[in-house]
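Peer 1: As they're listed, the protein sequences go chains A and B. Letter 100 of the first sequence, counting from 1, is numbered 100 in my numbering, and no numbers are missing. Letter 241 of the second sequence, counting from 1, is numbered 241 in my numbering, and no numbers are missing.
There are 2 protein chains.
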Amino acid sequence: MDSIRFEKNILVLLDQRLLPIEEIYLEYSDWRMVANAIKEMVVRGAPAIGAVAAFGIALAADELKDADTASFFSGLAMAAAGLKAARPTAVNLAWAVERMLKVAKNQIGCSPSQIAEILLTEAKQIAQEDREVNKKIGDFGAELIPDNAKVLTHCNAGALATVGYGTALGVVRSAVAAGKKVIVYADETRPYLQGSRLTAWELSRENIPVTIIADNMAGYLMKQKKIDLVIVGADRIAANGDVANKIGTYSLAVLAAAHQLPFYVAAPFSTFDLTLKTGEEIPIEERCETELTHFYGKRIAPEGIGCYNPSFDVTPANYLTAIITEAGIIYQPTTEKLQSFFKEAGHDRR
Amino acid sequence: MDSIRFEKNILVLLDQRLLPIEEIYLEYSDWRMVANAIKEMVVRGAPAIGAVAAFGIALAADELKDADTASFFSGLAMAAAGLKAARPTAVNLAWAVERMLKVAKNQIGCSPSQIAEILLTEAKQIAQEDREVNKKIGDFGAELIPDNAKVLTHCNAGALATVGYGTALGVVRSAVAAGKKVIVYADETRPYLQGSRLTAWELSRENIPVTIIADNMAGYLMKQKKIDLVIVGADRIAANGDVANKIGTYSLAVLAAAHQLPFYVAAPFSTFDLTLKTGEEIPIEERCETELTHFYGKRIAPEGIGCYNPSFDVTPANYLTAIITEAGIIYQPTTEKLQSFFKEAGHDRR
């Protein structure tokens, strides 16, 4: 399954809003429509929207390739702002857009047309790196998964949330590839049902056993010893290791701690935002009330009531057993540990 | 709103499956259909299904009133078994049926026809008592609700879950009646959405401010200090104070403890089952997978996956700040405290 493809100057996205019932691919050749696809959640998942935004910049550059250099760069800046504004919490989006802009600015003496070509190559590179990075995360993380593990996950941090393979589900894939038996419990993940719609779909396609539960069942399963560990992805990780991820992650972390279960976060470097001291500074997106009051267009709640729909929450670093990255595992993350980890990895994440 | 009425030998039930979109009343004159209505959740909520089952016994007695005494009692026993089997967890169902059978057996020398009349009176008495009991629970509990309290509740322990007024929501009603300002956060309560469909509906009808959230948001709201206390109903309480209630209650109790928030259970004597030493012995109903895989008939999860759908969980007594009953409040319940409480209340609940 290739949920994100770029073919003949067209970005092709699997419409994740319709899964698992329909597998429809939508085509994009205009960055504005790409920004809208991110906003409307045709594609979601921090690494995936990063890669898609990079292709958005490449499409903008292609549209501007016959303009003069000044217009080219001001047009590119507008596309960058539009794409970054599509969703506020996942930092991979801003990371990918900034990386693309930096590449563009570095091409001194090149024509807009030449830069546009270089940007398309860079976007493809970002997508390719994402696959490789996930594979590395998976292989490091697989060591943490015992044979016959019963793994609880939340939302979808799988192939669909990335360019391929997945972060949290990449760890599951690598464990299975290493010959381990793994049973996955997937929180359905209200209101958008990424668990029952997407995680269940992509795991069942690979014959990895998956059982869906309602989000509110997680604690009871832990109490019944039906869960050995929890693993999730991330949308943004602050300098101290605090993790913004899909709403409900924080509750799971507290429940895991109360049941002495390991709680792992799997995320690439591009999800870290070391400019933020703690998770308190991470902007949390609130989405439309209708995600809770309606279901596929059908009203389920009465009119005239309040509705609160934050799309993410922040889990303090002290709840994490470890963060699994492409350069290894950071146990019980702190500001100091993250600093020295990134220094050793030779990676420049401000 | 009278969600349970008995008029001219017909039991009238508000169909809670259709709320809040449609207000449809269904009529029952056959105990078998009443048992089915309980099973299919036309009516739900521990005290409500107790009262409805009592009317079911009254309907069975009416059907048998021209039979000889032996046939009358064997027919009644069959109805009792059928009604009790409709749902396994809420003990109020068995409690009401047993109370009705005891009344029938006590009418030495009466004809089946006379007993049938007495049983109808008894069913009406059970319904009337339920209203009065809830009012008392509400008034005791109101003392625990501070002015301007932000109260989190789960499922629907309201007028719709009882004959009227409600247990957990009865406490909210009494606090509001006492002049306090109360804001209610209602977990939507997957998979059946009793929170967003029923709790939101009955509170908004009385202009009590209610905001719905997805179940997985509760922990994050507690962390944000948007919640002052949690109050829920119960389906069965064991002799040591362990509480079976709607799935998700246990997670909330653990989350409340982690955030140092009071966690209250509001329940009448009829919800206590002192024959069970601990909550481990309470039978937990598992319901149909389609509650998770489908939504109003539309498939939302892929085929060929696992699905786990326990309808209730058990919260150990040590998580409870207090149980609120019609005879007063039991703080930090233990077997000893419950024993002496029931002794003082002069109430015979084995």
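Note that the Cβ used here is the ideal one computed from N, Cα and C, for glycine as well. Predicted model, so just to flag it, every value in this text is computed and none were measured.
Go ahead and pull the three-state DSSP assignment for residue 291 of chain A.
Peer 2: In the structure shown, residue 291 of chain A sits in a helix (DSSP, three-state: H, G or I).
Peer 1: Consider the Cβ of residue 350 of chain B: report whether some Cβ of chain A lies at a distance smaller than 8 angstroms.
Peer 2: Note that residue 350 of chain B has pLDDT 43, beneath the 50 cutoff, so the model's placement of it is unreliable and the number below is only indicative. No, residue 350 of chain B lies away from the interface with chain A (no Cβ there is under 8 angstroms from its Cβ).
Peer 1: Is there a Cβ from chain A that is less than 8 angstroms from the Cβ of residue 223 of chain B?
Peer 2: Yes, its Cβ sits closer than 8 angstroms to a Cβ of chain A.
Peer 1: Using only alpha-carbon positions, find the residue among B:31, B:188, B:203, B:143 that is nearest to residue 180 of chain B.
Peer 2: For the residues B:31, B:188, B:203, B:143, the minimum Cα distance to residue 180 of chain B belongs to B:143.
Peer 1: Just to make sure I have the definition right: I need the residues of chain B whose C-beta is within less than 7 angstroms of the C-beta of residue 41 of chain A. Which are they?
Peer 2: Simply none; closest approach about 15 angstroms.
Peer 1: For the segment 242 to 270 of chain B, enumerate the residues whose C-beta is nearer than 7 angstroms to any C-beta of chain A, in chain order.
Peer 2: Taking 7 angstroms as the Cβ-Cβ cut-off against chain A, the residues of the segment 242 to 270 of chain B that qualify are 247, 248, 250, 251, 254, 255, 258.
Peer 1: Give the residues of chain B in contact with residue 34 of chain A, contact being defined as C-beta atoms less than 8 angstroms apart.
Peer 2: Neighbours of residue 34 of chain A on chain B: none; closest Cβ ~27 angstroms, over 8 angstroms.
Peer 1: Quick one: is residue 260 of chain B buried, meaning 16 or more other Cβ sit within 10 Å of its Cβ, or exposed?
Peer 2: Exposed, since its Cβ has fewer than 16 Cβ neighbours within 10 Å.
Peer 1: Within the 8 angstroms Cβ cut-off, does residue 204 of chain A reach chain B?
Peer 2: Yes, residue 204 of chain A lies at the interface with chain B (some Cβ there is under 8 angstroms from its Cβ).
Peer 1: Expressed to the nearest angstrom, what Euclidean distance is found between the alpha-carbon atoms of residue 394 of chain B and residue 164 of chain B?
Peer 2: Since the first residue of chain B shown is 1 and the last is 350, residue 394 of chain B is not available in this structure.
Peer 1: Could you tell me whether the Cβ of residue 89 of chain A comes closer than 8 angstroms to any Cβ of chain B?
Peer 2: Not closer than 8 angstroms to any Cβ of chain B, the Cβ of residue 89 of chain A fails to qualify, so no.
Peer 1: Give me whichever residues DSSP pairs with residue 310 of chain A in a beta bridge.
Peer 2: Its beta-bridge partners are A:286.
Peer 1: Since residue 230 of chain B and residue 119 of chain B are thought to touch, with beta carbons under 8 angstroms apart, how far apart are those beta carbons, to the nearest angstrom?
Peer 2: Residue 230 of chain B to residue 119 of chain B, Cβ: 39 angstroms. No contact.
Peer 1: Does any residue of chain B have a CB that is nearer than 8 angstroms to the CB of residue 351 of chain A?
Peer 2: Not covered by the structure: residue 351 of chain A. The range shown for chain A is 1 to 350.
Peer 1: Output the boundary residues of the alpha helix (DSSP H) element that contains residue 130 of chain A.
Peer 2: Looking at the DSSP string, the run of the alpha helix (DSSP H) that includes residue 130 of chain A is 112 to 142.
Peer 1: So, does the CB of residue 297 of chain A fall closer than 8 angstroms to a CB anywhere in chain B?
Peer 2: Residue 297 of chain A does not count as touching chain B.
Peer 1: Would you mind working out which of A:18, A:47, A:23, A:12 sits nearest residue 33 of chain A, comparing C-alpha positions?
Peer 2: Checked all of A:18, A:47, A:23, A:12; the closest Cα to residue 33 of chain A is A:12.
Peer 1: Helix, strand or coil: which one does DSSP assign to residue 79 of chain B?
Peer 2: Note: residue 79 of chain B maps to helix in three-state DSSP.
Peer 1: Which of the three DSSP states, helix, strand or coil, is assigned to residue 338 of chain A?
Peer 2: Helix, per DSSP.
Peer 1: With a 10 Å radius around its C-beta and 16 neighbouring C-beta atoms as the bar for buried, classify residue 233 of chain B as buried or exposed.
Peer 2: Under this definition residue 233 of chain B is a buried residue.
Peer 1: Could you check where the beta strand (DSSP E) with residue 106 of chain B kicks off and where it finishes?
Peer 2: Residue 106 of chain B -> not in any beta strand (DSSP E); alpha helix (DSSP H) instead, spanning 91 to 106.
Peer 1: Which of the three DSSP states, helix, strand or coil, is assigned to residue 296 of chain A?
Peer 2: Coil.
Peer 1: Tell me whether residue 173 of chain B sits in a helix, a strand or coil according to DSSP, three-state version.
Peer 2: Helix, per DSSP.
Peer 1: Once you ignore the five residues that flank residue 326 of chain B on each side, which residues in its own chain have a CB closer than 7 angstroms to its CB?
Peer 2: Excluding sequence neighbours, residue 326 of chain B sits near 133, 136, 137, 268, 269.
Peer 1: Within this structure, are the beta carbons of residue 162 of chain B and residue 37 of chain B separated by less than 8 angstroms?
Peer 2: No. Outside cutoff.
Peer 1: Among B:77, B:3, B:92, B:55, which residue has its Cα nearest to the Cα of residue 282 of chain B?
Peer 2: The residue with the shortest Cα to Cα distance from residue 282 of chain B is B:92.
Peer 1: Under the three-state reduction of DSSP, which class applies to residue 230 of chain B: helix, strand or coil?
Peer 2: In the structure shown, residue 230 of chain B sits in a strand (DSSP, three-state: E or B).
Peer 1: Just the Cα atoms here: how many angstroms apart are residue 302 of chain B and residue 193 of chain B?
Peer 2: Cα-Cα distance, rounded: 21 angstroms.
Peer 1: Can you tell which of A:150, A:176, A:77, A:240 has its C-alpha closest to the C-alpha of residue 224 of chain A?
Peer 2: The shortest C-alpha separation from residue 224 of chain A is found at A:150.
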